[in-house]
Structures are given as C-alpha cells and as structure tokens.
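*Asks:*
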Amino acid sequence: MTPGAVALGSRSIYILPTRHGLLFALLLVALLLAAVNYANALAYLLTFLLAGMAMVSILHTQRNLLGLELTVIGGDPVFAGEEACFQVCLRNPGQQRTAVRVECDGQLLPAVDIPPRDNRCIPLATPALRRGWLDCPALMISTHYPLGITRAWTRRHRLAARCLVYPQPADDRDLLPIVADGTEAAGVALHEGDEFAGLRNYQNGDSPARISWKTLARGQGLYTKDFRQPLGMDVWIDWEEFAPHTPEMRLRLLTRAVLDADAAGLRYGLRLPDSALDPDLGDNHRAACLQTLALYEAPST
Amino acid sequence: MKRRRPESHLELPDRAAGYGLLISAVLSLLPQLLRWPWWLLPLLAMLFAWRFFMLRRGWPVPGALIRIGLTGLVLVLVYRHFGTVFGRDAGSALLAGLLALKSLELRRLRDYMVCVFLIYFLILVSFLYSQEPWLVLYLVAVLAATTATLVRLALPGISGRRATRLALRLLVQAVPLMLVMYLLFPRIQGALWGMPQDAYSGLSGLSEEMRPGDVRELTLSDEVAFRAYFPDRLPRPSDLYWRAIVLGQFDGRTWTRGREFPTQQPKVSNRSQLPYTLTLEPSNRPWLPALEWAVYRPAGTRLHTGSALEWRQPVRERLVVEMQAQPGDALAAATPAELAASLIQPPASTRVQTLAAQLRRGRGDRDTLRAALAYFHDQEFRYTLIPPVLGEDPVDEFLFESRRGYCEHFASAFVVLLRTAGIPARVVTGYQGGEFNPGGRYFIVRQLDAHAWAEAWIPGEGWVRADPTAAVAPERIEFGADALRRLVSRGATLGRLAPGALELDWLERMRRDTRLAVDLVQSTWSRWVLGYNPERQREFLTALGLGDFTAARLVGLLALVVALMFAGYLLITRPRRPRLDPVQRAYLRFCRKLARAGLTRAPHEGPQDFAKRCVRERPDLSEDVRTITELYVQLRYGSPDTVVPSEDFAHRVTRFHTT
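Protein sequences appear in the order of chains A and B.
Under this note's numbering, read the first sequence as residues 9 to 309, first letter to last.
Under this note's numbering, read the second sequence as residues 31 to 689, first letter to last.
1) With DSSP collapsed to three states, give me the class of Ser553 (chain B).
2) Check whether the Cβ atoms of Ala274 (chain B) and Trp317 (chain B) sit closer than 7 Å, and answer yes or no.
3) Under the rule that 16 or more other beta-carbon atoms within 10 Å means buried, what is Glu569 (chain B), buried or exposed?
4) Going by C-alpha distance, which of B:Pro564, B:Ser432, B:Asp395, B:Arg476 is nearest Gly490 (chain B)?
5) Does the region 33 to 47 of chain A come close enough to the region 15 to 24 of chain A that 3 or more CB-CB pairs lie under 8 Å?
6) Mind checking Thr331 (chain B): buried by the 16 CB within 10 Å criterion, or exposed?
7) Would Glu305 (chain A) be called buried (16 or more neighbouring beta carbons within 10 Å of its own) or exposed?
8) Excluding five sequence neighbours on each side, which residues of the same chain lie with their C-beta closer than 7 Å to the C-beta of Gly187 (chain B)?
9) Can you tell me whether Tyr109 (chain B) is buried or exposed? The criterion is at least 16 other CB atoms within 10 Å of its CB, across all chains shown.
10) Could you pull out every residue in the same chain whose Cβ sits closer than 7 Å to the Cβ of Arg434 (chain B), ignoring the five residues on either side in sequence?
11) Can you name the start and end residues of the alpha helix (DSSP H) that Phe94 (chain A) belongs to?
12) Who are the Cβ neighbours of Val266 (chain A) in its own chain at under 8 Å, not counting the five residues just before and after it?
13) Of the residues A:Gln115, A:Arg125, A:Pro177, which one's Cα is nearest the Cα of Leu147 (chain A)?
14) Count the C-beta pairs between the region 67 to 81 of chain B and the region 119 to 132 of chain B that are closer than 8 Å, then say yes if the count reaches three, no if not.
15) Just checking, does the region 57 to 68 of chain A make contact with the region 204 to 213 of chain B on the three C-beta pairs under 8 Å criterion?
16) Taking the beta strand (DSSP E) that Ser150 (chain A) falls in, what are its first and last residues?
17) Who are the near neighbours of Ala49 (chain A) in its chain, counting only those whose CB is closer than 7 Å to its CB and skipping five residues on each side?
18) Does the region 36 to 55 of chain A come close enough to the region 146 to 155 of chain B that 3 or more CB-CB pairs lie under 8 Å?
19) Cβ of Pro154 (chain A) less than 7 Å from any chain B Cβ?
20) What does the alpha-carbon distance come out to for the pair Gly117 (chain B) and Tyr159 (chain B)?
21) Using alpha carbons as the reference points, say which of A:Cys97, A:Leu142, A:Thr79, A:Arg128 lies closest to Pro85 (chain A).
22) Examine the Cβ distances between the region 435 to 448 of chain B and the region 236 to 245 of chain B and report whether three or more of them are shorter than 8 Å.
23) Any Cβ of chain B within less than 7 Å of the Cβ of Thr106 (chain A)?
24) Specify, as a first and last residue, the run of the alpha helix (DSSP H) that Leu171 (chain A) falls within.
25) Which residues in chain A sit within 7 Å of Ile416 (chain B), going by Cβ to Cβ distance?
26) Determine, using beta carbons only, whether Glu347 (chain B) comes closer than 7 Å to chain E.
27) Roughly how many angstroms separate the alpha carbons of Asp549 (chain B) and Gly469 (chain B), rounded to a whole number?
28) What does the alpha-carbon distance come out to for the pair Thr101 (chain B) and Leu107 (chain B)?
29) When the Cα atoms are used, what is the spatial distance from Tyr210 (chain A) to Ala272 (chain A)?
30) Using DSSP with H/G/I as helix, E/B as strand and the rest coil, what is Arg327 (chain B)?
31) Tell me, please, which residues DSSP counts as bridged to Phe87 (chain A).
32) Spatial neighbours of Met211 (chain B) within its chain, please: CB distance less than 8 Å, with the 5 preceding and 5 following residues excluded, ordered by chain position.
33) Val475 (chain B) and Ala123 (chain B): beta carbons closer than 7 Å?
34) Any beta-carbon of chain B closer than 7 Å to the one on Arg29 (chain A)?
35) So which of A:Arg166, A:Asp179, A:Thr69, A:Arg138 has the shortest CA-CA distance to Cys112 (chain A)?
36) Rounding to the nearest angstrom, what Cα-Cα distance links Pro564 (chain B) and Arg217 (chain B) in this structure?
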C-alpha cells in the first residue's frame with residue numbers, strides 16, 4: 009500500500025437502500041401480497057427470488073468499495089481565484105470495481121470503473137479562494153452498484169494532501185513602480201541599468217516584454233532582446249514600497265511584481281518584513297518567492 | 031444545510047438501456063396478449079412504436095394533454111370492459127396500458143425504475159394465468175433481461191454483455207435465499223381478502239347436477255382433471271372408476287345429491303391396498319375423485335353420502351394428496367332411511383313399469399341386476415355423443431324410442447329401471463379410465479373421461495357397481511373416452527368392433543408418445559414445484575422436527591436462516607489476497623529469509639538496490655544473492671524470450687541459506 013493511502017475497511021462503509029430501493033421494497037410487498045392472495049407457487053418464487061436478489065446486491069454494493077485504497081495527490085500551485093486540482097486516486101487490489109464515485113462536499117465526480125489490480129485517478133477541482141496551503145477537502149467514496157437500489161458510502165476521509173495557493177496577482181491599475189537598487193523605479197532600471205547584450209531571433213515562448221518592438225516596427229523582423237546577467241543591477245521587490253496598502257493587498261502587489269520581474273527576465277530579490285530572498289533568476293527562484301508570499305504571515309502586533 | 035440528493039445527480043440512462051427497457055416490456059407482455067380485450071393490442075402497439083421512434087428517430091414526447099387523455103381512455107375502457115379496474119384480468123390489462131404510457135414519459139431515472147418494477151409485476155401476473163414449465167422458462171429469460179436492464183439503468187455505460195452477466199450472477203446467487211424463503215415462509219390457507227372471482231373463471235369440473243336429455247351435444251374438454259401416480263402396483267383397467275359425486279335424488283328430469291345420510295368408510299373384501307398420489311388440477315369445485323374405494327379420508331376432506339370425498343373448500347389451486355385404494359366390492363352399511371330414499375322417484379311410465387316387472391319376474395336382486403344389464407346389452411342401444419334432446423319423460427323416451435345417448439342417459443335410465451323394480455339404486459358420477467403414462471407410472475385423467483354409472487344395493491353384498499355404458503359400448507370402458515371419440519369420428523359401430531380397430535398408426539403413436547413425454551415434464555413440475563402448499567409445508571416442517579412451529583416462530587426461523595446464509599455469503603465472497611505468481615512467491619520467500627538474517631527490504635527498494643545492499647553487508651552471501659536477484663529480474667522484467675525455468679528459480683531460493 010502506498011504511504012498516505014487509506015484502505016476502505018468494512019467498518020467505514022455504510023449501506024442503506026436508495027429511494028429506488030424503497031420503491032423496490034414496495035414492489036416486493038405488492039408481489040408478496042399477490043402471491044399470498046392467489047396462493048400461487050410461482051408468484052411466491054418470483055417474490056422470493058427478487059427479495060434474494062436485493063439481499064445479494066447489498067453484498068455486491070459493499071464489495072464494490074471494500075479494500076479500495078484511496079490516495080490524493082496535491083496538484084501544482086495555483087493563484088488564488090483559480091481552481092486547485094487534486095488527483096484522487098483509487099487503487100483496486102481485488103476484483104473489478106464498477107461505477108465507483110468520489111463525492112466531495114456534495115460534488116459528485118464522474119463514476120469510474122477500476123479493473124482488477126489497477127488504479128484510476130480522478131481530477132478534483134476545488135476553488136482556491138485564499139492564499140496559503142489548501143487542504144484537500146474531505147472525500148467520500150460511494151457506489152450504487154449493482155442495481156441502484158442500494159448505496160454504499162464511506163465516512164468522510166481527510167487525506168494529507170495539499171496544494172499551494174499563491175496570492176492573487178494584483179491588477180494593472182493597482183500596480184506601483186518597482187524599486188530598483190537605489191532610487192530609480194524598476195521600469196527605469198530596465199532601460200538604463202540593464203546590460204543589453206544584443207538581439208536574437210524570436211523563439212516561441214519568449215516573453216512579449218522582451219520582444220524588440222523597435223526592430224519589428226522598422227520591418228526588420230521579430231527579435232528578442234537578450235539580456236546578459238545584469239551584474240550588480242539587482243531589482244528588489246520590497247514590502248516597504250507598498251506601504252499604503254493593506255497587508256493582503258501588498259502581498260498581491262508583490263506577487264504581481266514578482267511575475268512581472270520574472271517575465272521581464274530581471275534578477276530580482278524579495279524583501280519581506282521578516283525574511284528576504286536574495287536576487288536570483290529562474291523558475292525555482294520564482295516559485296520560492298511566490299511560496300514565501302503565499303505563506304507569509306504578518307507579524308502579530 | 032441543504033439536503034443532498036445523490037440520485038438526482040446521476041446521469042440519465044443511456045440509449046442502450048432505453049432499448050433494453052422497451053424490449054423487456056414487450057417481452058413481458060407477450061404471454062398475455064391474447065387474453066386482453068382486442069382494443070388493447072393496437073393501443074399497446076401504437077404506444078410502444080412511438081417509444082421506439084423516440085429512441086430511434088428522436089420523436090418528441092407526446093404532450094401532457096395527450097398522455098393524460100390516453101391514461102383516462104385506458105382507465106375508462108378497462109372499466110367498461112371488466113366492470114372494475116381491480117383483480118387479475120382488469121388489473122393486468124390496466125398495468126399493461128400504464129406501462130406503455132409510462133414508457134413514453136421517461137424523464138428521470140426514477141421513471142425508468144418504475145417501468146422496470148412494473149415489468150416485474152407483470153411477470154407475476156403471467157404466473158397467475160399459467161404455470162406451464164415452458165412459460166416459466168420464457169419468463170425466467172424475461173426476468174433476466176429485465177434485471178439486466180435494471181443493471182444498465184443503474185450503471186450507465188456498462189456493456190450489454192457485462193450487464194447480462196452481472197444480472198445472471200445476482201439471480202443465481204439469489205436462488206438459495208429464494209429456496210429457503212419459499213420453504214419456510216409461513217403459508218396461509220385461503221386468500222388474504224375475498225379472492226376475486228375472475229381468478230377461477232374458465233375452470234371446469236364435474237357438475238353437481240345431471241340432466242340427461244337436456245344436452246344436445248356433449249362437449250369434451252381434454253383439460254386435465256387430475257393425475258394419479260402409482261408407485262407400486264397399477265390398478266386393472268376395469269377398476270379405474272374415480273368416484274366423485276353420488277346422486278341419489280331424481281325428479282324425473284334432474285339428478286341431484288339429495289338428502290345427507292350418515293355415512294362411513296366402506297369395508298372392502300379385498301385386502302391388498304394400492305397407494306397412489308393424486309395431483310388435482312384446480313376446478314373451483316370441492317370434489318375429490320378417488321379410486322374406488324378410498325381407504326383413508328385425507329385431512330381437509332369430509333365423507334359425503336355414498337362414500338364420496340369432498341374438500342371443505344373448492345379446489346382453487348393444484349392439490350397433491352396421498353391416497354390409498356382398495357379395489358373390489360364394498361361392504362358399506364346403509365341405514366334403512368338411506369335405502370328407502372334410494373327407491374323414491376316420480377312414478378315411472380307404464381312402459382317402464384312393465385319392463386321392470388319383466389326383469390324382476392321371480393328373480394332375486396342380483397339376478398334382476400344382471401338381467402337389466404343384459405337388457406341394455408341386447409337391445410339396440412347405441413352410444414353417441416350427439417344424442418337427441420328428450421321431451422317430457424326423458425327416461426321413457428330414451429328406453430323405448432331414441433335409445434341413443436352417452437353414459438348419463440344409460441346410468442339415469444338404468445337406475446330408474448332398478449328403482450321401479452324395487453332395488454335401491456343411485457347414480458355415481460366421476461371419471462373412468464385415463465391415459466397411462468408409462469414413463470412416469472401415472473394416469474392422466476381429463477375432463478373428457480368424466481363418466482356416470484350406477485350402484486345398486488344387494489343385501490349381503492352392499493352397494494354394487496353396475497355400468498350400463500359398459501354393457502352397451504364396452505370400448506368406452508376398455509379403451510377410454512379418447513379412443514372412443516376417435517372411433518366415433520371414424521364412424522365405427524360400437525359394441526361390434528373388429529379387433530385391431532384401435533391400432534394407432536406410426537404418426538399417432540409418435541404424437542401420443544410426445545404428448546406423454548411433455549405431460550411427464552409438466553406433472554413432475556407440478557408435483558415438486560407447484561404443489562408446495564400449506565399441507566406440504568407442514569409435512570416438510572414435521573420432517574425437520576418443526577411441526578409445531580407457529581407462523582411467528584417460522585418467520586423468526588426464516589430470518590435466522592437468511593441471516594446465517596448472508597453471513598455465509600460474506601465469508602465466501604470476502605476479498606482474498608491477490609494471488610501471486612510462483613516467481614513472486616519465491617522471491618518473497620527469499621526476502622523473508624534475508625529479513626530473518628537482519629536484512630529487511632525497504633518498500634521503496636528495488637530488487638537490484640536491495641541486492642547491492644545485501645552484498646555490501648553480507649559479502650559471504652554475495653554469490654547467491656546476485657544469482658537469485660539476476661534470475662528474478664530476468665523472469666520478472668526480462669523479455670518473454672529469455673527461457674529461465676521458474677522452477678529452477680524457486681529451487682534456488684529453497685536451497686538458499688543465510689547461515
């Protein structure tokens with residue numbers, strides 16, 4: 009069993025008839041009354057066969073869940089306001105399972121069939137409302153296999169899977185200038201302080217911020233401005249620069265600045281009241297900055 | 031918090047399930063089509079065709095007005111036709127109409143489910159009409175198809191084959207539970223509420239009255255009246271008189287049963303007893319036709335005047351009775367009042383009186399009886415199923431003018447003659463003969479074997495059977511009513527039959543043999559499956575030592591047994607560890623051996639890494655560990671071409687020791 013997985017044991021599986029099951033029970037009563045009233049042997053047999061089938065189906069319903077192993081894989085980090093995506097994985101150590109459903113806060117995920125000794129993962133999208141760690145919501149596994157007259161479900165399982173939610177980046181109009189080392193604004197720094205290394209052919213995926221619009225306007229084709237390590241010209245994205253805003257808004261603005269700086273290919277550092285990340289480049293640095301912002305807790309005053 | 035409604039989230043059934051439902055519905059209605067009023071058939075056909083095109087061509091659901099109108103129409107038509115909407119006949123027609131209408135209006139999953147449940151109920155209704163094994167086979171197939179449809183409704187997207195397999199599995203697994211419930215569920219004698227009369231419409235049986243001369247033509251039904259299974263000896267053909275009703279009172283036209291006299295089981299000279307099992311078909315009449323003479327009175331019956339057995343209720347379901355017969359002459363005591371009543375009749379005509387006096391002249395009772403039989407034999411009486419209708423004095427007219435008739439005419443005239451001659455006599459009706467099924471050692475007695483004969487009181491001998499029909503047409507007694515009908519249809523003259531006239535040609539023989547084989551299946555079915563009634567249940571429980579169980583205790587026992595079986599199922603079907611192949615098993619054994627030596631494989635450690643660690647820590651084992659791991663990796667992950675016998679691998683593991 010994979011670590012962190014929960015095996016669905018018989019004690020955590022509950023079974024009750026569905027509303028169709030109650031209807032079926034009504035049918036059985038009607039059949040029995042007819043059989044008794046007409047003292048008809050075959051009517052008795054039919055009634056008891058269907059009653060037996062309902063009983064057997066209870067077992068099948070339970071067996072359809074019993075022994076399944078539930079794991080959840082946390083998804084990639086998302087920004088607040090987007091949807092976090094967990095992978096709910098069910099491993100089947102035994103016989104074929106059919107129409108197993110994952111329920112989550114009233115949300116029914118599509119039913120899956122799991123072949124013997126195989127596993128299936130179902131994406132579970134959850135709205136990421138706030139920055140920080142988003143725990144996977146409690147999951148319930150259910151099934152109404154095989155006849156729809158009985159439903160088995162498990163107790164709600166909270167699994168240790170979480171997804172990092174970055175602060176929602178601030179909009180353009182919220183944007184204030186980024187302060188470079190010294191007094192110039194970041195926008196200025198981009199033009200004056202960068203060590204421009206020349207132009208190279210545009211490649212897919214290059215940031216639009218680095219496209220050489222001048223050469224394009226001159227009709228010389230699409231080029232990307234290539235910046236070499238702008239040594240000594242580090243950009244600091246600083247908490248203090250966004251003083252007029254609330255802490256959350258500041259974090260949103262900082263996030264936006266990190267994204268912009270990263271897109272612009274700047275070497276940037278992040279400075280928060282209780283921590284700082286030295287200027288650096290690259291995806292890992294960006295992720296570290298965003299994570300710091302996501303998990304930032306304002307010092308209690 | 032908002033109540034969650036899981037069902038309402040489910041996907042609607044797919045189109046395949048829609049077709050499955052339609053097919054199941056039509057199949058479940060087929061056995062009953064011909065019983066319904068004619069107007070229902072086009073209506074059903076139209077509605078189902080509409081449903082078909084809804085599935086096929088995307089036709090729209092008919093408007094609510096049309097649907098309500100049609101529902102009202104069906105209700106009104108059923109009520110006008112049957113005078114009610116309840117009961118078996120009207121109910122089944124109504125259910126069929128409602129099912130067809132409902133199948134047009136399938137919005138939610140529940141609507142589909144309701145249709146499936148209606149189909150289940152219609153299957154039961156079919157059983158109320160007929161319990162033939164063939165029909166049952168057919169309906170079991172319909173049941174399986176319907177259940178497969180239910181599976182498809184519950185599990186959208188499942189393939190048809192898997193749905194059918196699953197349905198069959200569920201049904202087969204339900205069979206033991208069904209049997210237990212069938213055997214132990216307390217049976218109630220009689221209906222829960224007034225049994226609707228239509229349950230027995232169309233049942234035929236012997237009538238309580240006999241009016242020879244009123245019937246223009248005797249209609250012979252080949253419906254089975256009963257079957258009699260003889261495990262030991264068979265009765266002689268001439269002994270096959272099944273006694274049902276004794277008619278002692280005559281008003282000149284109609285024979286009725288008349289006054290009741292205290293009666294008792296007759297004493298029979300013959301010591302040898304013939305045990306047999308009687309399976310009575312429902313007749314809605316209380317008679318119990320018993321082979322003469324019944325030794326015991328079965329429980330639930332009473333003895334009527336003239337040692338006729340009668341149930342306390344009309345026979346409305348198939349009954350199985352164990353009986354004993356003692357063929358021979360009966361020595362029944364008769365009270366003087368009974369004998370006196372057996373002489374009373376309206377004054378006979380002069381011609382009849384003259385004839386009676388002629389037969390009597392100086393003879394004892396025995397000889398007079400013999401003379402009367404001889405008279406019927408010698409005179410120009412003819413056996414026919416199409417006798418003329420008789421006028422004012424039917425007996426006189428029959429004896430001296432028409433002289434053509436069947437058993438009732440002969441028996442009636444014969445008894446009148448004897449009574450006129452001063453011999454107490456009475457008419458007995460019942461069945462005579464029957465078709466023997468050698469495969470099952472039983473006689474099939476049909477309604478067309480119904481017969482009437484006479485009994486006369488001979489002092490010192492008791493009631494003696496005298497069959498005037500046998501005197502006129504011995505073929506009736508010797509070959510049976512069916513053969514008689516064939517003979518008459520061929521225009522043969524009864525009484526003077528050439529030997530071999532009854533030989534069957536090969537086609538007839540084949541037909542007869544097939545018929546008998548079919549009947550054997552049917553009768554076995556009804557004896558062992560359908561015949562389980564309150565009496566049989568009591569017998570069964572007595573055999574188990576539970577004879578004194580009340581219904582409530584029985585239900586408790588049933589619940590207990592079902593619970594135990596349920597637990598048994600739980601045990602049998604509990605998930606087992608997946609079976610490992612021999613290579614894996616051997617490798618795990620190898621790992622256990624190493625674990626005992628202090629080298630435990632971590633869950634994340636692959637065989638190669640594990641082997642490296644082992645070699646590092648226990649260089650002395652390095653050779654074995656390397657070889658075994660290498661072999662394992664080859665067997666497990668190598669290309670299928672690498673031929674390494676897995677036994678060899680297992681062997682190596684066995685020989686491997688850490689010390």
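Backbone N, C-alpha and C fix where the C-beta goes; we use that ideal spot for every residue, glycine too.
Bear in mind the structure is a predicted one, so any value in this text is a computation, not a measurement.
*Replies:* The short version:
1) helix
2) yes
3) exposed
4) B:Asp395
5) Under the three-pair Cβ rule at 8 Å, the region 15 to 24 of chain A does not count as touching the region 33 to 47 of chain A.
6) Label assigned to Thr331 (chain B): buried.
7) exposed
8) Leaving aside the five residues that flank Gly187 (chain B) on each side, the residues in its chain whose CB is nearer than 7 Å to its CB run, in chain order, Asp44.
9) exposed
10) Excluding positions up to five away in sequence, the list reads Arg412, Thr414, Pro417, Pro418.
11) Unbroken run through Phe94 (chain A) is the beta strand (DSSP E), 91 to 100; no alpha helix (DSSP H).
12) Ile245, Tyr276, Leu278, Arg294, Cys297, Leu298, Leu301
13) A:Gln115
14) yes
15) Output reads yes: the region 204 to 213 of chain B touches the region 57 to 68 of chain A.
16) 148 to 151
17) If we look at Ala49 (chain A) and ignore the five residues flanking it on each side, it has no Cβ neighbours.
18) yes
19) yes
20) 12 Å
21) A:Leu142
22) yes
23) yes
24) Sequence inspection shows Cys at residue 171 (chain A); the Leu mentioned does not correspond to that position. No alpha helix (DSSP H) holds Cys171 (chain A); the beta strand (DSSP E) holding it covers 170 to 174.
25) Correct list: empty, because the minimum Cβ distance to chain A is about 39 Å.
26) Checking the listed chains, one finds no chain E in this structure; the protein chains it contains are A and B.
27) Approximately 10 Å, taken between the alpha carbons.
28) 10 Å
29) 15 Å
30) coil
31) Per DSSP, A:Tyr174.
32) The residues are Leu588, Val592.
33) no
34) The question names Arg, but residue 29 (chain A) in the sequence shown is Gly. No, Gly29 (chain A) lies away from the interface with chain B (no Cβ there is under 7 Å from its Cβ).
35) A:Arg166
36) 5 Å
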